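Report on one structure; see the data block that follows.
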Amino acid sequence: MPSDIVVHIPADRPADGVVACAVSVAKAFDAHLDGIVCTYQPINPAIMVGASAAYYAAATQHNTDSDEAAARLDQFEIAARAAGVTHGARSICDTPVLANQALSEISRLYDLTVLMQPDRARPGHQDPLPEAVLFSSGKPMLMVPYIHTGPLTFDRVLICWDGGRPAARAVHDAMPFLGRAQTIDVVAVNEDEDVVGQASSNALLAHLLRHDLAATGHQLTAAPGNIHNTILSFAADSGANLLVMGGYGHSRLREFILGGVTRGIFKSLTLPALISH
Numbered sequence: 074m075p076s077d078i079v080v081h082i083p084a085d086r087p088a089d090g091v092v093a094c095a096v097s098v099a100k101a102f103d104a105h106l107d108g109i110v111c112t113y114q115p116i117n118p119a120i121m122v123g124a125s126a127a128y129y130a131a132a133t134q135h136n137t138d139s140d141e142a143a144a145r146l147d148q149f150e151i152a153a154r155a156a157g158v159t160h161g162a163r164s165i166c167d168t169p170v171l172a173n174q175a176l177s178e179i180s181r182l183y184d185l186t187v188l189m190q191p192d193r194a195r196p197g198h199q200d201p202l203p204e205a206v207l208f209s210s211g212k213p214m215l216m217v218p219y220i221h222t223g224p225l226t227f228d229r230v231l232i233c234w235d236g237g238r239p240a241a242r243a244v245h246d247a248m249p250f251l252g253r254a255q256t257i258d259v260v261a262v263n264e265d266e267d268v269v270g271q272a273s274s275n276a277l278l279a280h281l282l283r284h285d286l287a288a289t290g291h292q293l294t295a296a297p298g299n300i301h302n303t304i305l306s307f308a309a310d311s312g313a314n315l316l317v318m319g320g321y322g323h324s325r326l327r328e329f330i331l332g333g334v335t336r337g338i339f340k341s342l343t344l345p346a347l348i349s350h
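Last residue of the sequence shown? That's 350 in the working numbering, and every number before it is there in order.
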């Protein structure tokens, strides 16, 4: 069971959904919850040698201030107190790169990190944070859609399975949630027995059953570029309220780049997702 959870709260947009999800998960597992808000330091134009005014404006237009951060922390503490959740709250102020690096390092010291899905219609300095947490924290994260409202419910959980290591890690990390689910669905898209070998979706069903978790398997097909939409469509049709999946990527010049399905989920997420790498 998660004993301590951290939620990264954006200061530049509404945070009701991510706060409500984090508080509800902490309450469900009787876990300690820390809330962190980040304000980003303005970039000094004097150090941007050769940079144009337009470049400088683009780099600074998403900066936040301490008043916004304080308001988000107040909102978080009110919600945590109302739920009877033990909690702490603090803020971090740094340049965008260093701040997101610090937040991902902080996440290594918690059982679960809760954060908001980036909204591509409202870009901000915190947009790279989910990817940084996924690949460098070593812990699972719960990504909450920016359109989500209300607490997290996980009576119907959908597992995305392809037999890979990240998917196996995600199932392991999700066990506390699976143990409280009323219905568990396992979806495998374009499953190829020659590729998955012994780690088939049917084998996963048997593994879950040994943990007294009855699950139903579903074999789906989709075009390679449409797998994420197929998963999300099935989630909507089945009434799932929590998605469990492995987060995939490949290394390019020592930097992780999101794989296609993970990138699609990051972009189009419609329900909270527990993601592990």
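All C-beta atoms in this analysis are idealised placements derived from N, C-alpha and C, irrespective of residue type, glycine included. None of the values given here were measured: they were computed from a predicted structure.
When the beta-carbon positions are compared, isoleucine 109 and leucine 176 come within less than 8 Å of each other. When rounded, the separation of the alpha-carbon atoms in alanine 296 and aspartate 228 is 30 Å. Under the DSSP assignment, isoleucine 220 falls outside any alpha helix (DSSP H); it carries neither an H nor an E label.
The Cβ atoms of proline 239 and tyrosine 321 sit closer than 8 Å to each other.
Runs of the beta strand (DSSP E) lying entirely within the stretch 280–307 and spanning at least 3 residues, in chain order: 289–293. Proximity of the stretch 143–159 to the stretch 176–193 falls short of the contact definition, fewer than three beta-carbon pairs being nearer than 8 Å.
Comparing alpha carbon positions, the residue from Gln255, Leu225, Pro213 and Val260 closest to aspartate 246 is Pro213.
Runs of the beta strand (DSSP E) lying entirely within the stretch 166–253 and spanning at least 3 residues, in chain order: 185–189, 214–217 and 229–233.
Close CB contacts of glycine 312 within its chain, under the 8 Å cut and outside five residues either way in sequence, are with Arg229 (chain order). Apart from sequence neighbours up to five positions away, the residues of its chain that approach phenylalanine 307 with a beta-carbon distance below 6 Å are Val260, ordered along the chain. Where valine 259 is concerned, the enclosing beta strand (DSSP E) starts and stops at 256–262.
Leucine 347 places its beta carbon 8 Å or farther from that of alanine 241. In this structure, the straight-line span from the alpha carbon of valine 92 to that of aspartate 267 is close to 43 Å. Bounds of the alpha helix (DSSP H) holding leucine 146 are 139–156. Cβ neighbours of histidine 291 within its own chain (closer than 8 Å, five residues either side excluded): Asp258, Val259, Val260, Ala261 and Phe307. In the structure shown, aspartate 103 falls within a coil segment according to DSSP collapsed to helix, strand and coil.
Cβ neighbours of threonine 186 within its own chain (closer than 8 Å, five residues either side excluded): Ile78, Val79, Val80, His81, Ser180, Val206, Ser210, Lys212, Pro213, Met214 and Leu215.
With a cutoff of 8 Å on beta-carbon distance, valine 217 and glycine 90 are scored as near each other. In the DSSP assignment, aspartate 77 falls within the unbroken beta strand (DSSP E) covering 77–82.
Secondary structure of leucine 277 (DSSP, three-state): helix. In this structure, leucine 316 sits near cysteine 233, with a CB-CB distance shorter than 8 Å. In the three-state reduction of the DSSP assignment, alanine 162 falls in the strand class. Across the set Ala156, Thr112 and Ala153, the C-alpha of Thr112 shows the shortest separation from the C-alpha of aspartate 140.
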